[in-house]
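*Asks:* Keeping their order, the protein sequence lines are chains A and B.
If you count by UniProt numbering, then the first sequence holds residues 1 to 619, one letter each, in order.
If you count by UniProt numbering, then the second sequence holds residues 1 to 619, one letter each, in order.
Cβ coordinates follow ideal geometry from the N, Cα and C atoms, glycine included.
Note that this is a predicted model, so its numbers are computed, not measured.
Protein chains: 2
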Amino acid sequence: GRRVEVKRGLTLLEAARVAGVGIRSECGGRGACGKCLIVVEEQKSLSPLSVSETRLLSSDKLKAGYRLACQSVVLGDVTVFVPPESRLEARRILAEGLSRRFELDPAVRSVRVILPRPSLLDTTPDFERLCNALKERGFREVKMEHELLQKLPTILREADWDVEVVLWMDEEVIAVGKGGEEKGVYGASIDIGTSKLVLHLVDLRSGETLSVKTVENPQTVYGEDIISRINYAAFEEGGLRRLQGLVIEAINSLIEEACREAGVKRDRVYEVTVVGNTAMHHIFLGYPPKQLAVAPYVAVIRRSVNVKARQLGIKVHEFANVFVLPNIAGFVGADAVADVLATGIYESDDMSLLIDVGTNSEVFVGNKEDIISCSTPAGSAFEGMHLEHGVKAVTGAIEKIRIDPGNYEVEYETIDGAKPVGICGSAIVDAVAELFKCGLIDERGHFRKNINTKRLRRENGVVKFVVAWKDESATGRDITVSERDIQEILLAKAAIRAGIAVLMKEKKVSEEDLAHLYIAGSFGRYLNPESALLIGLIPDIPLDRISFVGNTAIAGAKMCLLSRSMRKTADELSNRIRYVELTAHPDFRREFMNALFIPHRNLSMYPTVVKRISRVRGA
Amino acid sequence: GRRVEVKRGLTLLEAARVAGVGIRSECGGRGACGKCLIVVEEQKSLSPLSVSETRLLSSDKLKAGYRLACQSVVLGDVTVFVPPESRLEARRILAEGLSRRFELDPAVRSVRVILPRPSLLDTTPDFERLCNALKERGFREVKMEHELLQKLPTILREADWDVEVVLWMDEEVIAVGKGGEEKGVYGASIDIGTSKLVLHLVDLRSGETLSVKTVENPQTVYGEDIISRINYAAFEEGGLRRLQGLVIEAINSLIEEACREAGVKRDRVYEVTVVGNTAMHHIFLGYPPKQLAVAPYVAVIRRSVNVKARQLGIKVHEFANVFVLPNIAGFVGADAVADVLATGIYESDDMSLLIDVGTNSEVFVGNKEDIISCSTPAGSAFEGMHLEHGVKAVTGAIEKIRIDPGNYEVEYETIDGAKPVGICGSAIVDAVAELFKCGLIDERGHFRKNINTKRLRRENGVVKFVVAWKDESATGRDITVSERDIQEILLAKAAIRAGIAVLMKEKKVSEEDLAHLYIAGSFGRYLNPESALLIGLIPDIPLDRISFVGNTAIAGAKMCLLSRSMRKTADELSNRIRYVELTAHPDFRREFMNALFIPHRNLSMYPTVVKRISRVRGA
Ligand code: FES
Ligand code: FES
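Take a look at the structure:
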């Protein structure tokens, strides 16, 4: 449906690239994969059928006017139809429970160029010779790193003027090598979490993920939480460099492992995209993070950053670019932008609520018109931190708990079915929900006095409920939930719930208006939505509107790796999404106090929960 | 004569800058110099008279509507007249014998910006805060080096949000420092000659040259001529790095000396512009120069190059840019582009001939329609090389020679009037001309047999003419011109003259058409134009059309340092000027043979010379 002027002499595949139309070309245009199918009526305006075309296309297809775009050279005016199976936008990126379509249009692409040999009649300098050949192929003016230019004469002559040129954003030549050797073009996306790093190695031509690697964030030795790392960076001599060095080193190991697993050479990794919360973002880039920890919490930069991998010490291709997603505010970082990008709430008519629970938790409310956000440092309790028997989501972690309302007996499930080692975040939510449902704790999270069960006991003045007896556990100790644990959970849930309430009020959105509730972050993976609703962590909406979308941070980073327009969208989002500073908001304190109740001080906001409780307790 | 929309709240000086109108502002807009005079009728649309204005402007001027642009804030629509004395284009750059006007518009400028302090109500990140403040001042979106961004938070807070911002091309912030301290903005221009380096240190605000330093090119130890240096770079392990290192080291010393002399801090030097022939250009930038020496003589790059000073190891400001002028062809380098730029032949209606005599000599013929060029390796004989008593233009060098046609007695002048040490290029031309005029040599440069003077003698089979007797000389030896010396000179002059002939023929230009003949290069400084004409080095045109324009290479480099539009012009010229490869030209050989005669085989081309000779010899 689009008219495009095309230079004669280009293949249709090249012409489509120039025109910004994505056509699949897994073999890179060598006539081998048969993926670049297109339909043309005016066969006379194209070069005659190539050998590959007669080999790869059935006679029916040929009769119907099918051709391979990479084999058809434009000789005159043509109208081209790109059938759905050849369209690049048909690729999907899959985060757990989430699927978004977008056009595969990575910043890095490689083209093969054959240069005319210099002669006394054509003494065009090497660089201009390359530029001219690229212009012939429809590219604009390009730049080149000084160091690459120094090598260019040797490379061109050793390649005998037949070269593969790797371009970044179609504006910079980042590599020139021998042409006609299929070596692949790869990229990596990295999520720098406070506690965990995740790396995906991606084939930039197909969009496929080749390898996924994770490792604990080695900065953890300088503090589990963000504030202690910021302090270390701010006040210890060389602290920032050290923290930066640790994360870069860890990233280099992940890249090495992923490349080994996928059989990819490190120096064919031409771009890396990175997300992380603001503190991780700053430390990764070597920006002093100090101001993030003191009012008024000012970041060094909001917009996305492009920096050469080697300036950061990341060992991929010498001139590879690192694209770091933009931030929104001092506490709402690139990972949050990635969440919004991956869930697509910014392009939906529907009103959505998005919660990313992590060491810090971010909340978004909005739709394509407008999105507002807030952030709270609460959340690590949901990762099992600060709890006596809290553990991360490791083998043996109790991930589901049910309590019989009649005899208070406990059923639980552990990760990998192993003997229990502790309770992970999702099960803590279950525990609080079940204890409340059975009437073992009151709406303030205190154990009721008059209950008779051997699972309740008092130790050093603290009441505890035994979830698993010591003879069942892997630790040889009873695994319990204490009143103190419950209070930790309630503080965290109240902070998040108050953030949600403030944003919903700001946007004048009621529970009925919320078409979607997305829960991002690894925490969501095991979470029982009924329990989350029961304790009042989320608003009372029908459960079928809730999606657990997993690590949307890495999904968003990968979308930016594979699509230039997603990068633009990310920067637009970082500008557009408004930030509400909760501590400065007049309603926050009251909402927080109200949310310290289970499910809430104002029970009329939780009709579903009230109904359920009365049914259970009535039974 | 130009209507410009202006933001309210800017001073007229700022508004003029945004609009690209150059107004003098020697004090940097502090109301101290009184140079930014402008005339405005609608005084009501401007802020009231400031104290500086009442102090600096006479009551007559005030009555006539004069104001200081830096003191007048725009409040509404105004029409501004910029009187000639305030216009920046009135600045001149002076090469010897050459004066060109252009607008002072350096790539580097510094602005003082006062940023709003962050608060809980304005948590804009540091970088965006700076960008916004610059936008308020009329600047576009800017970039910043990664390493500077890392320091930005500390700089802004130490400066208490009052900063001096140094911008390059209005697109990159290269420095941020404490505001309100007048520290100056400087640049340097460098001519990398095969035998000599010249550096000018320049005040970028006034356009004034503060210091000039020269030094021998230290690469000379690896060969006086270009070819041996190219070979050293191409075939010796590490040769290119060594040659590059030598020239960078020498440049660093020159910068240090110049800065010391001018009392300027090295890190206030924010840009460097560089010219040199193609080989010097390549070696300076670390590009392999090998292909320049083998057919088809292909350069690495034609266009101008911008590269960070620190990538080259040049010790000026950390993020200073180095602008290297473009080349034209394998043998016509950035220095030649500078020659054309400085002489302005590209914008004249008149047809000009431009000759730059050096180790290599370049010739240009053309006007604003079209210019063609050629190059010949001949020329070093004119610098005194390859001659028995040849010396450079040092103290004691004989620079002028006259021979009495009656008794063959010699009058000479030496540089600084010292005892003679040898003969420099210009005097060699004199010598050949005078010997020929007196009939001592024939039209092939051979001494005539039948002349009787004690100044003529034969040594080891070579005839020599004594210019200065040993008791007059500083060397204690007779200073002579031999027949072999004369042949060297004739070979060089024939090559240059043949180049001129080929270009004039190509452009169908006759002697009458040539309105100007520019002789560039230090050689020209002492050259007697009559002698040059007499030996047939230049075409037979009236002497008043000849100008000696000195080191136009450095003049062109300085014009690029001081003017962005000159940079654009340089790149356009490098694209536009056609190059004629003499060795491949069908007429070159014949023209060369013809030019081996004095003044020329075809005497009808030299009527003035014929007349003169017959007058002298007839006398
Ligand atoms: S791109 Fe593979 S056959 Fe055309
Ligand atoms: S710029 Fe000096 S007085 Fe205005």
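Anything in chain A within Cβ reach of Arg-612(B), meaning under 9 Å, just list it in chain order.
*Replies:* In the second sequence, residue 612(B) corresponds to position 612, counting from 1. Going along chain A, no residue has its Cβ under 9 Å from Arg-612(B), so there is no contact; the nearest lies around 41 Å.
*Asks:* Along the alpha helix (DSSP H) that carries Asp-335(B), what are the first and last residues, could you check?
*Replies:* Numbered from its first residue, the second sequence carries residue 335(B) at position 335. First-last of the alpha helix (DSSP H) with Asp-335(B): 334-343.
*Asks:* Which complete beta strand (DSSP E) runs does the segment 289-372 of chain B hold, if anything under 3 residues is left out?
*Replies:* Listed in chain order, the complete beta strand (DSSP E) runs (minimum 3 residues) inside the segment 289-372 of chain B are 305-308, 321-324, 351-356, 361-366.
*Asks:* At a Cβ threshold of 8 Å, is His-200(A) touching chain B?
*Replies:* Stepping through the first sequence from its first residue, residue 200(A) is reached at position 200. It does not; no Cβ of chain B falls within 8 Å.
*Asks:* Any beta carbon of chain B sitting closer than 8 Å to that of Gln-219(A)?
*Replies:* Indexing the first sequence from 1 puts residue 219(A) at position 219. No, no contact with chain B.
*Asks:* Can you list the residues of chain A that Leu-353(B) reaches, using a CB-CB cut of under 7 Å?
*Replies:* Numbered from 1 along the second sequence, position 353 holds the residue referred to as residue 353(B). Result: empty, since nearest Cβ-Cβ is about 24 Å, beyond 7 Å.
*Asks:* Looking at chain A, which residues of the segment 101-130 of chain B have a Cβ within less than 7 Å of any of its Cβ atoms?
*Replies:* Taking 7 Å as the Cβ-Cβ cut-off against chain A, the residues of the segment 101-130 of chain B that qualify are Pro-118, Ser-119, Leu-120, Thr-123, Pro-125, Asp-126, Phe-127, Glu-128.
*Asks:* Alpha carbon to alpha carbon, how far is Leu-240(A) from Arg-302(A)? Give it in angstroms, no decimals.
*Replies:* By 1-based counting over the first sequence, the position of residue 302(A) is 302. By 1-based counting over the first sequence, the position of residue 240(A) is 240. Approximately 20 Å between the Cα atoms of the pair.
*Asks:* I think Ser-565(A) touches Asp-105(A), with their Cβ atoms under 8 Å apart; what is that distance to the nearest whole Å?
*Replies:* Locating residue 565(A) in the first sequence gives position 565, where the first residue counts as 1. Locating residue 105(A) in the first sequence gives position 105, where the first residue counts as 1. Indeed they touch by this definition, with Cβ atoms about 7 Å apart.
*Asks:* Locate the alpha helix (DSSP H) running through Glu-591(B), then write down its first and last residues.
*Replies:* Numbered from its first residue, the second sequence carries residue 591(B) at position 591. Where Glu-591(B) is concerned, the enclosing alpha helix (DSSP H) stretches over 588-595.
*Asks:* Taking a contact to mean a Cβ-Cβ separation below 8 Å, would you say Ile-190(A) touches Ala-557(A) in this structure?
*Replies:* Counting from 1 along the first sequence, the entry for residue 190(A) is found at position 190. Counting from 1 along the first sequence, the entry for residue 557(A) is found at position 557. Yes, the Cβ-Cβ distance between Ile-190(A) and Ala-557(A) is below 8 Å.
*Asks:* Could you give the residue range of the beta strand (DSSP E) that holds Ile-192(B)?
*Replies:* Your numbering for residue 192(B) matches position 192 in the second sequence. Here the beta strand (DSSP E) through Ile-192(B) covers 186-192.
*Asks:* Mind checking if Glu-172(B) is an interface residue toward chain A, Cβ cutoff 8 Å exclusive?
*Replies:* The residue labelled residue 172(B) in the question sits at position 172 within the second sequence. It does not: the Cβ of Glu-172(B) has no partner Cβ on chain A nearer than 8 Å.
*Asks:* Quick check on the burial criterion: 16 or more other C-beta atoms within 10 angstroms. Buried or exposed for Gly-9(A)?
*Replies:* One-based indexing of the first sequence puts residue 9(A) at position 9. Gly-9(A) should be labelled exposed.
*Asks:* Between Arg-581(A) and chain B, is the shortest Cβ-Cβ distance under 8 Å, so that the two count as touching?
*Replies:* Here the question's residue 581(A) lines up with position 581 in the first sequence. Looking at the sequence shown, residue 581(A) is not Arg but Glu. Closer than 8 Å to some Cβ of chain B, the Cβ of Glu-581(A) qualifies, so yes.
*Asks:* Under 8 Å, do Val-462(B) and Arg-477(B) count as touching if we go by C-beta distance?
*Replies:* Translated into positions along the second sequence, residue 462(B) becomes position 462. Translated into positions along the second sequence, residue 477(B) becomes position 477. Not closer than 8 Å, so no.
*Asks:* Looking at Asp-485(B) and ligand 3, is the gap between the Cβ and the nearest heavy atom below 7 Å?
*Replies:* For the structure depicted, ligand 3 is absent and the ligand set comprises only ligand 1 and ligand 2.
*Asks:* With burial defined as no fewer than 16 other Cβ atoms inside 10 Å of the residue's Cβ, what is the status of Pro-326(B): buried or exposed?
*Replies:* The residue you call residue 326(B) lines up with position 326 of the second sequence. Burial call: buried.
*Asks:* Could you work out which residues of chain A lie near His-146(B), taking near to mean beta carbons separated by less than 7 Å?
*Replies:* In the second sequence, the residue the question calls residue 146(B) occupies position 146. Simply Val-307, Gln-311.
*Asks:* Between Val-332(A) and Pro-116(B), what straight-line distance do the alpha-carbon atoms span, to the nearest angstrom?
*Replies:* Position 332 of the first sequence holds residue 332(A). Position 116 of the second sequence holds residue 116(B). If you take the alpha carbons of Val-332(A) and Pro-116(B), they lie about 22 Å apart.
*Asks:* Contact check, Leu-197(B) vs Ala-262(B) under 8 Å by CB: the rounded distance?
*Replies:* Looking up residue 197(B) in the second sequence gives position 197. Looking up residue 262(B) in the second sequence gives position 262. Not really, about 18 Å apart at Cβ, beyond 8 Å.
*Asks:* In angstroms with no decimal places, state the Cα-to-Cα distance between Ala-16(A) and His-281(A).
*Replies:* Against the first sequence, residue 16(A) aligns to sequence position 16. Against the first sequence, residue 281(A) aligns to sequence position 281. Taking the straight line joining both Cα atoms gives about 37 Å.
*Asks:* Taking Cβ to Cβ, would you say Leu-276(B) is nearer than 8 Å to Ile-192(B)?
*Replies:* Locating residue 276(B) in the second sequence gives position 276, counting from the first residue. Locating residue 192(B) in the second sequence gives position 192, counting from the first residue. At residue 276(B) the sequence reads Gly, which differs from the Leu that was named. Going by C-beta atoms, Gly-276(B) is nearer than 8 Å to Ile-192(B).
*Asks:* What does Leu-197(B) reach in chain A if we use C-beta pairs closer than 7 Å?
*Replies:* Taking the second sequence and counting its residues from 1, one reaches residue 197(B) at position 197. The premise fails here: Leu-197(B) is roughly 21 Å from chain A at the closest Cβ pair, so nothing lies under 7 Å.
*Asks:* Give a yes or no on whether the C-beta atoms belonging to Ile-314(B) and Val-340(B) are separated by under 8 Å.
*Replies:* As a first step, residue 314(B) must be located in the second sequence, where it is residue number 314. As a first step, residue 340(B) must be located in the second sequence, where it is residue number 340. Contact: no.
*Asks:* Once the 5 residues before and after Ser-50(A) are set aside, which same chain residues still bring their CB inside 7 Å of it?
*Replies:* Translated into the one-based positions of the first sequence, residue 50(A) becomes position 50. Only Gly-31, Gln-71 meet the Cβ criterion.
*Asks:* Hey, which unbroken runs of the alpha helix (DSSP H) at 4 residues or more fall wholly within the segment 191-236 of chain A?
*Replies:* Runs of the alpha helix (DSSP H) inside the segment 191-236 of chain A: 226-235.
*Asks:* Does Phe-597(A) pass the burial test, meaning 16 or more other C-beta atoms within 10 Å, or should it be called exposed?
*Replies:* Your numbering for residue 597(A) matches position 597 in the first sequence. Under this definition Phe-597(A) is a buried residue.
*Asks:* In terms of residue numbering, what span does the beta strand (DSSP E) encompassing Ala-515(A) cover?
*Replies:* On the first sequence, position 515 is the one that residue 515(A) refers to. Segment 514-520, the beta strand (DSSP E) holding Ala-515(A).
*Asks:* Within the same chain, show all residues whose beta-carbon is closer than 8 Å to that of Ser-352(A), passing over the 5 residues directly before and after it, in chain order.
*Replies:* Within the first sequence, residue 352(A) is the residue found at index 352, counting from 1. Same-chain partners within the cutoff: Thr-343, Ile-345, Phe-364, Val-365, Gly-366, Asn-367, Leu-514, Ala-515, His-516, Leu-517, Tyr-518.
*Asks:* If I measure Cβ to Cβ from Val-410(B) and keep anything under 6 Å in the same chain, skipping five residues before and after, which residues do I get?
*Replies:* Against the second sequence, residue 410(B) aligns to sequence position 410. Ile-403, Val-467, listed in sequence order.
*Asks:* Report the CB separation of Cys-424(A) from Ala-397(A) in whole angstroms; it is logged as a contact under 8 Å.
*Replies:* What you label residue 424(A) is simply residue 424 of the first sequence in a count that begins at 1. What you label residue 397(A) is simply residue 397 of the first sequence in a count that begins at 1. Right, the Cβ-Cβ distance comes to about 4 Å (below 8 Å), so this counts as a contact.
*Asks:* Tell me which same chain residues have a C-beta within less than 7 Å of the C-beta of residue 621(B), skipping the five on either side of it?
*Replies:* The structure shown does not extend to residue 621(B), since chain B spans only 1 to 619, so no value can be given for it.
*Asks:* Measuring alpha carbon to alpha carbon, tell me which residue in Gly-536(B), Val-74(B), Phe-523(B), Glu-181(B) is nearest Glu-511(B).
*Replies:* In the second sequence, residue 511(B) corresponds to position 511, counting from 1. For the residues Gly-536(B), Val-74(B), Phe-523(B), Glu-181(B), the minimum Cα distance to Glu-511(B) belongs to Gly-536(B).
*Asks:* Grab the span of the alpha helix (DSSP H) containing Ile-283(B) for me, first residue to last.
*Replies:* On the second sequence, position 283 is the one that residue 283(B) refers to. Element bounds for Ile-283(B): 278-285.
*Asks:* Drop a sphere of 10 angstroms on the beta-carbon of Arg-268(B), count the other beta-carbons inside from all chains shown, and report buried for 16 or more, exposed for fewer.
*Replies:* Against the second sequence, residue 268(B) aligns to sequence position 268. Buried, by the Cβ-count rule.
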